[in-house]
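For reference, the structure is listed below as structure tokens.
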Amino acid sequence: MPNLMEILHSRIIVFDGAMGTMLQKQGLLNEGCPELLNVEQAEAIKNIHRMYSKAGADIVETNTFGGNRIKLAEFGLENRVAELNAAAVKAAKEGATDGTLVALSVGPTGKMMQPNGPLSFTEAYKVFKEQISAGVKAGADIICIETMSDLGEARAALLAAKDAASKVPVICSMTFQSDGRTLMGTDPATAVITLQSMGADIVGANCSGGPEELRQVIAEMYRVSKVPLLVMPNAGLPVLKGNETVFPLSAQKMGSYAPQLVEAGASLVGSCCGSTPEFTAAIKEAVKNLTPPAPQYQPKTYVTSSTRTVILGSGQPVHIIGERINPTGKKAMSEELRQGSLAKIVQEAVKQVEEGAALLDVNVGLPDIDEPAMLVKAVNTVQRVVNVPLQIDSTNPEAIEEALKAYHGKALVNSVNGKKESLETILPLVKRYGACVLGLCLDDSGIPKKAEDRLKIAQKIVNKAEQYGIPREDILIDCLALTASAQQQEVLETIKAVQLVKEHLGVPTVLGISNVSFGLPNRKLLNRTFLAMALAAGLDAPILNPHDTDMVDTVKAAQVLNCRDIDSKNYIAAYSNQDRTTKPEVDTPKNAADTLYQAVVNGLKDGVIPLVEKVLSEGKTLMTVVDNILVPALNEVGDKYEKGEFFLPQLMQSAEVVQLAFNRLRQELDTNNVNKGTIILATVKGDIHDIGKNIAKVLLENYGYNVVDLGKDVPPEVVVEATRQHQARLVGLSSLMTTTIPNLKETIVQLKAANLDCQVMVGGAVLNQRYADMINADYYARDAQEAVKIASQAL
Amino acid sequence: MNIDKNVVLRYLGYNPGKTNINNSMQEKIDYYISLGLTLLEPNTTYRIFNTVNINSTGVELPEADLILPGKDIVKHLKHSKKVCLVAATIGPQLESKVAELFRQKEYAGGTILDAVGSDAVEKVADQLQDKLKFIAKKQGYHITWRFCSGYGDVPLEINRKLAAAVNAESIGIRVTNTNMLIPRKSILGIVGFNLREETAIPLANKCSYCNATNCPYRNRSDSCAKSNGNITQ
Numbered sequence: 001m002p003n004l005m006e007i008l009h010s011r012i013i014v015f016d017g018a019m020g021t022m023l024q025k026q027g028l029l030n031e032g033c034p035e036l037l038n039v040e041q042a043e044a045i046k047n048i049h050r051m052y053s054k055a056g057a058d059i060v061e062t063n064t065f066g067g068n069r070i071k072l073a074e075f076g077l078e079n080r081v082a083e084l085n086a087a088a089v090k091a092a093k094e095g096a097t098d099g100t101l102v103a104l105s106v107g108p109t110g111k112m113m114q115p116n117g118p119l120s121f122t123e124a125y126k127v128f129k130e131q132i133s134a135g136v137k138a139g140a141d142i143i144c145i146e147t148m149s150d151l152g153e154a155r156a157a158l159l160a161a162k163d164a165a166s167k168v169p170v171i172c173s174m175t176f177q178s179d180g181r182t183l184m185g186t187d188p189a190t191a192v193i194t195l196q197s198m199g200a201d202i203v204g205a206n207c208s209g210g211p212e213e214l215r216q217v218i219a220e221m222y223r224v225s226k227v228p229l230l231v232m233p234n235a236g237l238p239v240l241k242g243n244e245t246v247f248p249l250s251a252q253k254m255g256s257y258a259p260q261l262v263e264a265g266a267s268l269v270g271s272c273c274g275s276t277p278e279f280t281a282a283i284k285e286a287v288k289n290l291t292p293p294a295p296q297y298q299p300k301t302y303v304t305s306s307t308r309t310v311i312l313g314s315g316q317p318v319h320i321i322g323e324r325i326n327p328t329g330k331k332a333m334s335e336e337l338r339q340g341s342l343a344k345i346v347q348e349a350v351k352q353v354e355e356g357a358a359l360l361d362v363n364v365g366l367p368d369i370d371e372p373a374m375l376v377k378a379v380n381t382v383q384r385v386v387n388v389p390l391q392i393d394s395t396n397p398e399a400i401e402e403a404l405k406a407y408h409g410k411a412l413v414n415s416v417n418g419k420k421e422s423l424e425t426i427l428p429l430v431k432r433y434g435a436c437v438l439g440l441c442l443d444d445s446g447i448p449k450k451a452e453d454r455l456k457i458a459q460k461i462v463n464k465a466e467q468y469g470i471p472r473e474d475i476l477i478d479c480l481a482l483t484a485s486a487q488q489q490e491v492l493e494t495i496k497a498v499q500l501v502k503e504h505l506g507v508p509t510v511l512g513i514s515n516v517s518f519g520l521p522n523r524k525l526l527n528r529t530f531l532a533m534a535l536a537a538g539l540d541a542p543i544l545n546p547h548d549t550d551m552v553d554t555v556k557a558a559q560v561l562n563c564r565d566i567d568s569k570n571y572i573a574a575y576s577n578q579d580r581t582t583k584p585e586v587d588t589p590k591n592a593a594d595t596l597y598q599a600v601v602n603g604l605k606d607g608v609i610p611l612v613e614k615v616l617s618e619g620k621t622l623m624t625v626v627d628n629i630l631v632p633a634l635n636e637v638g639d640k641y642e643k644g645e646f647f648l649p650q651l652m653q654s655a656e657v658v659q660l661a662f663n664r665l666r667q668e669l670d671t672n673n674v675n676k677g678t679i680i681l682a683t684v685k686g687d688i689h690d691i692g693k694n695i696a697k698v699l700l701e702n703y704g705y706n707v708v709d710l711g712k713d714v715p716p717e718v719v720v721e722a723t724r725q726h727q728a729r730l731v732g733l734s735s736l737m738t739t740t741i742p743n744l745k746e747t748i749v750q751l752k753a754a755n756l757d758c759q760v761m762v763g764g765a766v767l768n769q770r771y772a773d774m775i776n777a778d779y780y781a782r783d784a785q786e787a788v789k790i791a792s793q794a795l
Numbered sequence: 001m002n003i004d005k006n007v008v009l010r011y012l013g014y015n016p017g018k019t020n021i022n023n024s025m026q027e028k029i030d031y032y033i034s035l036g037l038t039l040l041e042p043n044t045t046y047r048i049f050n051t052v053n054i055n056s057t058g059v060e061l062p063e064a065d066l067i068l069p070g071k072d073i074v075k076h077l078k079h080s081k082k083v084c085l086v087a088a089t090i091g092p093q094l095e096s097k098v099a100e101l102f103r104q105k106e107y108a109g110g111t112i113l114d115a116v117g118s119d120a121v122e123k124v125a126d127q128l129q130d131k132l133k134f135i136a137k138k139q140g141y142h143i144t145w146r147f148c149s150g151y152g153d154v155p156l157e158i159n160r161k162l163a164a165a166v167n168a169e170s171i172g173i174r175v176t177n178t179n180m181l182i183p184r185k186s187i188l189g190i191v192g193f194n195l196r197e198e199t200a201i202p203l204a205n206k207c208s209y210c211n212a213t214n215c216p217y218r219n220r221s222d223s224c225a226k227s228n229g230n231i232t233q
């Protein structure tokens, strides 16, 4: 059997064309499962392979595009993965002429990967491994992962392929839309960088429009690829003919495009949807005398997210690595993490990127949490909200591995160091998941004092990483900043070490800045001075707090001075229109009563209880607090809401303040003093949408009404009974949708029939005054604020 | 995925040019958008039906044994050669957090988070819509906008059959006896595959399909605030 990777040195390899189109032409592709045909129509499948190989295909692809468990489950065939894939390989082997290679086609699962959908890396990996193992066992010569839109899913399939058959070459091909990106937003360069780092032998683009569209995609890939590229275009963009869609491109035309595709960088050329063996013959003829393009790859330090590539190192801009996603020293974030919540992390992620971070460090290390699970959750959440590459920061190798699985791009691992154990546990992970790694200049004897000794450790890390097969360009070095207060002598050694590492190893340097100022006053001043010094020494990527605008400014300025911001473009863009006006001071109220009033209006909960106590101590009675402060304040809020000056959350926030104040007042006197009457509230039977009712409840309580909340999905009898029992004179009913209006009506009928002395107000999205009249309601409340007005009329 | 802060604000009754929000409220909204993003369990599914029978009273999908009644759905699908049923949800986590916030008397937070959920489920469904666009294009079709049960004269009573046809249960969507969806932040929709691009125009104004003439969003000519497509008369 010919060796694919060897042939690729000498000539262009021709891939076959569409399987689906051929099946369709023979009337075999109906509603059923295409992979089932490998068993039920084996001769027809063999025949298609034979036609393609005779037409000149060096490689034929098996009829297994949807041969994974998830896709097959759509036809109830999930237990026949091994059988159908094996039969497909057999059909290809038997059908194709001798010397033709058989590639196992592996298409997507059709399920969205986390964080955009439910499919986890581990599950996807298992599903792909099952299919690929079956195909390889049956004798597939190549694994062709194709038509992928999601880089995360492609990574899972690729790793599964490498684990299932380490010696079988793996192709990883993505499909792009007319905007040049995949459906999930991955650009061609990012796809290549990520997949080749993770070990794909060949990367490519298939489907995605015709040869003209894919020529541009391949050209973009070629700039960054160190592996051969595959291209398989459709027969043009489908067009309408009569009432049928057809692929317009002729075989001849496809053939004439083939040399352009090779020129753009492709070493393997085939065709996709709408193509037939004629296309394969035309391609074969067109490329027979061409030789594969030599890789143009220039080693650079690329880190990627699924939608963006950042290049670090000499000759590139300085990139800020945001350090804020780290619970150390952050009480609120630590507390949230312990409760499993990541809201603060999301906020920090978004804000840091807005402020100029090009990468984000993600660290969730706390002694008492399940770090692997939490780091995965954090990585998934952060990659959902921002598109910058991530630096995965942990001392726990298991956490690093799980995070590298979940991450959709080429991450930067923080960190490895010169200790034997660290090198031996971290570097294999970096290699396996195709990441970059940050090496810290420390080892068993700690951080060396002298710059030369730090360089030695850096050298050791680089050597060791290269032994593990990690290319030098994927290694970055942190020379480690020490605190000036404790080790003043060594501060300059760090600066010197940055210079030495750049000079002798040529790898990018990273440096955490803020440590330098620990224990000294005006830390910001020391931080930015140290930052400027390190940047002058050639630092490529400072790890810092992007909220510190002085530091961000320093980076921008230094890039002008050390010629990394060409023509000062970014600097000019950032500072030419700077507005330095300051905001005017807000008037502060004079006495406690005014302050309380303002607190309600502005929704300020903090310090309300002491404020109520102060008002009381100034001689105000309970009722004057309610009638002269809280209710007028609420009225002002209500007015503003009605005028549109306030919106719902402001109404609710004021309600929270008043409720706190009420709770404090109730300790002073009997609750009944402020009870203006009882109101029953319920969301009617069958309806589960109760947020509007809940909002009404809060407001009514704040105005001093005793609200009995019956909850949602409340049967009419329960409403009647509660009204009777509490002798309530007002009942509020809500219903969101038309389907529960009959229940709303029925509840009113039963209330009226029970002859209770009560009135009914109704509310809900689908209601209006006309409906309310139709179902005999006494009042229609269009919102919660209106319910308060109705209550004051009715009670 | 991005939650659109402006949409969230609008759902909450924010009126550009009129409503004044201070910094702490801005931060609160940012915080709950962030929190919402951590609580999403997005999931979608769809099924494409190749046989579509349309007459003046409704649209029949014989493969699903389903008839979608009404003039509005006929209008929506009149150029469609295939029909795709879609389901999308953000799962139960976010809404149970809303309930928890109300219990903890964090009313503003609960209200904001609920609105975040409303935008999130639309965004999840939009992602699926992008995928369908891609699938359709490969087959030479252009997709219509997403028509949801409850729009116009399509009754909510169709939800149960619609959910069964697209196997919404497989992504955790349940239909109550009163035809409501659980989780509440879920969508069932109907997308047509049309041959001619000019027939697959995007929907300019959802409100034109809604009979809730009293709706404040409509009256302000804003987009609709209803999350789960269950806009009814």
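So the protein lines, in turn, are chains A and B. 1 is the number of the first residue of the first sequence in the working numbering; add one for each residue after it. 1 is the number of the first residue of the second sequence in the working numbering; add one for each residue after it. We treat Cβ as the ideally placed atom computed from N, Cα and C, and that holds for glycine.
For the beta strand (DSSP E) containing residue i, list its first residue and its last residue.
i, result
"D393/A", "390-393"
"I201/B", "Neither: I201/B is in no beta strand (DSSP E) and is coded neither H nor E."
"Y234/B", "Because chain B in this structure spans residues 1 to 233, residue 234/B falls outside the shown range and cannot be described."
"N417/A", "412-417"
"S734/A", "730-734"
"N206/A", "202-207"
In three-state terms, what does DSSP make of residue i?
i, result
"H319/A", "coil"
"N2/B", "coil"
"A88/B", "strand"
"N55/B", "strand"
"V191/B", "strand"
"N38/A", "helix"
"T509/A", "strand"
"R184/B", "coil"
"G229/B", "At G229/B the pLDDT is 35, less than 50, meaning the model places this residue with poor confidence; the figure from the coordinates comes in the next sentence. Of the three classes helix, strand and coil, the one that applies to G229/B here is coil, per DSSP."
"G409/A", "coil"
"N562/A", "coil"
"Q298/A", "coil"
"C224/B", "Interpretation of C224/B is limited by its pLDDT of 49, a score under 50 that renders its predicted location unreliable; no figure is taken from the coordinates."
"P118/A", "coil"
"F646/A", "coil"
From the options, pick the residue whose C-alpha is nearest to that of residue i; which is it?
i, options, result
"G274/A", "A18/A, A536/A, E721/A", "A18/A"
"V430/A", "C441/A, G409/A, K449/A", "G409/A"
"A781/A", "K693/A, E212/A, V707/A, Y703/A", "K693/A"
"L796/A", "N702/A, P508/A, K685/A", "Because residue 796/A is not part of the residues shown, which for chain A are 1 to 795, the question remains open."
From what residue to what residue does the alpha helix (DSSP H) around residue i run?
i, result
"Y31/B", "23-38"
"L23/A", "20-25"
"N593/A", "The question names Asn, yet the displayed sequence has Ala at residue 593/A. A593/A -> alpha helix (DSSP H) spans 592-602."
When DSSP builds the beta bridges, which residues end up paired with residue i?
i, result
"E61/A", "A103/A"
"M148/A", "M174/A"
"V303/A", "V310/A"
"L476/A", "L438/A"
"I67/B", "E60/B"
### Message
Please give me, in chain order, every unbroken run of the beta strand (DSSP E) with length at least 3 that falls completely inside the segment 212-291 of chain A.
### Response
Listed in chain order, they are 229-233, 239-241, 244-246, 266-269.
### Segments assigned alpha helix (DSSP H), at least 4 residues, entirely inside the segment 663-730 of chain A
Complete alpha helix (DSSP H) runs here, min 4: 691-702, 716-726.
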